[in-house]
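Protein chains in written order, with the working numbering: chain A, 5 to 275; chain B, 893 to 1152. The structure appears right after this line, and notes come after that.
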Amino acid sequence: MNHQLNPANFVEISQLSFKRDGRSIFDRLDLVVKKGAITAVMGPSGSGKTTLLRLIGAQLTPDSGEILVNGTNVHQLGRHDLLAVRRRMGLLFQSGALFTHLSVFENVAFPLREHTNLDESLLREVVLMKLEAVGLRGAAHLMPDELSGGMARRVAFARALALDPDLMMYDEPFTGQDPISMGVLVRLIQRLNQLLNTTTIIVSHDVEETCSIADYVYLIADGRLIAEGSPSELLKSSQADVRQFMHGEADGAVPFHYPSRPYLEELSDAE
Amino acid sequence: MLNRLATLGQSSLNTLQKIGQSGLFLGGLIIRKPDFLKLWADLRHQLYFCGVLSCLIIIVSGLFIGMVVGLQGYHTLEKFGATTQLGQLLALSITRELGPVISALLFAGRAGSALTAEIGLMKATEQLVSMDMMGVDPIARVIYPRFLAGVIALPLLALIFSAVAIYGGYFIGVDWLGVDSGSFWSNMQVSVDFRADVVSGIIKSIVFAIVVVWIAVYEGFYCTPTAEGISQATTKTVVHASLAVLGLDFILTAMMIGSW
């Protein structure tokens, strides 16, 4: 199935199915990311949010369905073209994924050295500018093992921004951040989106922070889309599973317990 | 019974798949057109890491093995009144066999295991994936310089090993046990053929280098990215590489003696 990309959309996912180890992660998922907007994909842990980013970046191949990024079906590209498309994407990993043998400065400089021919003084300016944006210019000489988790994430942020990507994807950007760096990150993501018109996808289960900046939200659970809409629409939703997730209720339509036999029955086995 | 048969079949299929996968991996590395300008900094770093830092263990081992062969050889040759042939015995056994084989085994333990652990940890901490997402091929940027450095370093280390071992034997035979220095060197010079002995040793160590580094980078790149997965991959590197070196040594020796 091949269809024309709506020019207002940057990413179009249609009828995406993906299985891993026999378990279905996505089942005929449809999802659209508008150009220049902040789109959030939320859902409980294990609902395949990170997998979705890997599928968009074509690090995983779907079993069926297609993913168009800026009009290109990324899963039909050869290795060379795919690497070229990825240069226009930035992905902020949950762990930061900094290169441990390189300093903070060299980490941010890495994509620039690989993909541009900037001379050393210009490269230094660009790197310092990116580090300034995340408030870590003073940490340029440090090695990744000298950084706290939050700082490492911000350095990774600066590195993902190095090539001014058209599409920025954030994998759980708010997890494990203290309130101050959380606020900084939220503002950074928003400012970047507004100033550079970068299309943004945030994958997260932090409802409050994500809803404060997202233009549009998709809620996924069990491989299916359970709701979509603006944050305020979803917060007001009367759908049981949506309300449970958006308001953080412990048990409800989405069960708290992993599928199991009745507790009493299992306990009596041990006797 | 049927279950056991099925398990056996499954594990054979898995092994075959792994062999095929590693074969394609090696093929991809060999036919790669390297960009030496970009590669140089990494290559230099890896040559230092694999080569220079392995020198100590190679030199010390070479010295002791040369000394032991010198001692054992002297006492055996003495029974036949042929101690002047010590130089020949040392040079032939070391350049043909001990130099390439033992340096490859030491290299697998010292550098091969470290390569696997390093690449495995890069995988576990998502460094390889993030590089891939930046549009940089991790095979070109991480695997290839390590592969190339290992393939260059090991034959040179084997040469150093052989030279040091011969001096170790000289020290024992001539300085300690009193073999005549002139006959030690002249017998060696007469009996050692450059092409049949030295070159065949170098060819062996090039083959060992490719196999050891191939196993090391493959195991690192395809390991399960967990603490347990990395430790298993590191063990596999040392075990598989050592067995491969010993097995290939026999095959290469048979081929060299047969056809030359």
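For every residue, glycine included, the Cβ atom is placed at its ideal position computed from N, Cα and C.
Residue i versus the options, residue with shortest Cα-Cα distance
i	options	result
Ser285 of chain A	A:Ser68, A:Leu189, A:Leu135	Residue 285 of chain A lies beyond the stretch modelled for chain A, which goes from 5 to 275, so this question has no answer here.
Gln162 of chain A	A:Leu81, A:Leu192, A:Ser264, A:Leu135	At residue 162 of chain A the sequence reads Ala, which differs from the Gln that was named. Among A:Leu81, A:Leu192, A:Ser264, A:Leu135, the Cα nearest to that of Ala162 of chain A is on A:Leu135.
Ala166 of chain A	A:Val15, A:Gln181, A:Pro266, A:Leu122	A:Leu122
Gln1081 of chain B	B:Ser995, B:Gly943, B:Phe928, B:Leu982	B:Leu982
Asp182 of chain A	A:Glu213, A:Arg83, A:Leu268	A:Glu213
Val36 of chain A	A:Gly75, A:Pro48, A:Thr65, A:Ser49	A:Gly75
Gln1124 of chain B	B:Phe1142, B:Ala1006, B:Leu1140	B:Ala1006
Val130 of chain A	A:Val78, A:Asp149, A:Thr104, A:Asp168	A:Asp168
Gly252 of chain A	A:Ser49, A:Ile17, A:Ile193	A:Ser49
Phe999 of chain B	B:Ala1088, B:Glu1111, B:Val1105	B:Val1105
Ile1098 of chain B	B:Ala1003, B:Val1137, B:Cys1115, B:Met959	B:Val1137
Pro148 of chain A	A:Gly100, A:Asp25, A:Pro115	A:Gly100
Gln19 of chain A	A:Asn10, A:Leu33, A:Thr120	A:Leu33
Ile1094 of chain B	B:Gln902, B:Gln909, B:Gly991, B:Phe972	B:Gly991
Glu1111 of chain B	B:His1132, B:Phe1100, B:Pro1037	B:His1132
Asn197 of chain A	A:Ala218, A:Met186, A:Glu70	A:Ala218
Tyr1059 of chain B	B:Asn906, B:Phe956, B:Leu929	B:Phe956
Asn13 of chain A	A:Pro266, A:Asp170, A:Ser272, A:Gln248	A:Asp170
Met959 of chain B	B:Arg1087, B:Val1084, B:Ala1055, B:Asp1089	B:Ala1055
Delimiting residues of the beta strand (DSSP E) encompassing residue i
i	result
Ile230 of chain A	228-233
Leu95 of chain A	93-96
Phe14 of chain A	13-24
Tyr222 of chain A	220-225
Asp31 of chain A	27-38
9 Å Cβ cut-off: residues of chain B touching residue i
i	result
Phe109 of chain A	In chain order: nothing, as chain B lies at least about 15 Å away.
His119 of chain A	Met1026, Gly1027, Val1028
Where residue i meets chain B, residues with beta-carbon distance less than 8 Å
i	result
His79 of chain A	Those within 8 Å of His79 of chain A in chain B number zero; the least Cβ separation is about 15 Å.
Met291 of chain A	A question about residue 291 of chain A goes unanswered here, because the residues of chain A that appear run from 5 up to 275.
Ala88 of chain A	Gly1027
Pro115 of chain A	Met1026, Gly1027, Val1028
Leu95 of chain A	Ser1022, Met1025
Arg91 of chain A	Met1026, Gly1027
Contacts that residue i makes with chain B (C-beta to C-beta distance below 7 Å)
i	result
Phe103 of chain A	Gln1019
Gly61 of chain A	Met1025
Counterpart residues of residue i in DSSP-defined beta bridges
i	result
Asp245 of chain A	According to DSSP, Asp245 of chain A bridges with nothing at all.
Ser208 of chain A	A:Met46
Val175 of chain A	Sequence check: residue 175 of chain A is Asp here, not Val. In the DSSP output, where bridge partners are listed per residue, Asp175 of chain A has A:Val207.
Ser68 of chain A	A:Ser21
Val73 of chain A	A:Val15, A:Thr76
Residue i: first and last residue of the uninterrupted alpha helix (DSSP H) it sits in
i	result
Glu213 of chain A	211-217
Met893 of chain B	From DSSP, Met893 of chain B is part of no alpha helix (DSSP H); its letter is neither H nor E.
Arg1033 of chain B	Neither: Arg1033 of chain B is in no alpha helix (DSSP H) and is coded neither H nor E.
Pro183 of chain A	183-200
Val108 of chain A	108-119
Gly1004 of chain B	That residue, Gly1004 of chain B, is in no alpha helix (DSSP H); it is neither H nor E in DSSP.
Trp1106 of chain B	1092-1113
Met1025 of chain B	1019-1025
Gln980 of chain B	978-985
Ala160 of chain A	153-165
Asn1079 of chain B	1073-1083
Thr54 of chain A	53-60
Leu935 of chain B	928-938
Arg90 of chain A	83-90
Ile923 of chain B	Taken as a continuous stretch (DSSP letters only), Ile923 of chain B belongs to no alpha helix (DSSP H), as it is neither H nor E.
Residue i: CB within 8 Å of a non-hydrogen atom of the ligand NAD
i	result
Val1137 of chain B	Annotation note on the ligand NAD: not contained in the displayed structure, which lists no ligands.
Beta-carbon neighbours of residue i, restricted to chain A and to distances below 8 Å
i	result
Ser1075 of chain B	Chain A residues near Ser1075 of chain B: none, gap ~53 Å exceeds 8 Å.
Ser1078 of chain B	Simply none; closest approach about 51 Å.
Closer than 7 Å at the beta carbon, the chain C residues around residue i
i	result
Ser99 of chain A	No chain C is present in this structure, whose protein chains are A and B.
Mind the definition here: the stretch 1010-1017 of chain B touches the stretch 1064-1078 of chain B only if three or more C-beta pairs lie below 8 Å; say whether that holds. no
I want to know whether the stretch 1015-1024 of chain B touches the stretch 912-931 of chain B - three or more CB-CB distances under 8 Å. no
Counting beta carbon pairs with one atom in the stretch 1038-1053 of chain B and one in the stretch 930-939 of chain B, are three or more of them shorter than 8 Å? yes
Between the stretch 196-214 of chain A and the stretch 53-71 of chain A, do at least 3 Cβ pairs fall closer than 8 Å? yes
With three or more C-beta pairs closer than 8 Å as the rule, is the stretch 152-162 of chain A touching the stretch 84-98 of chain A? yes
Would you check if the stretch 82-91 of chain A and the stretch 238-252 of chain A touch, i.e. whether three or more CB-CB distances between them fall below 8 Å? no
Check whether the stretch 1045-1061 of chain B touches the stretch 949-956 of chain B, taking contact to mean three or more Cβ pairs, one atom from each stretch, closer than 8 Å. yes
Indicate whether the contact test is met: 3 or more Cβ pairs, each with one atom in the stretch 1020-1034 of chain B and one in the stretch 1119-1135 of chain B, closer than 8 Å. no
Three or more beta-carbon pairs under 8 Å between the stretch 190-206 of chain A and the stretch 224-242 of chain A, yes or no? no
May I ask you to verify whether the stretch 192-202 of chain A touches the stretch 40-47 of chain A, counting CB pairs closer than 8 Å and requiring at least 3? yes
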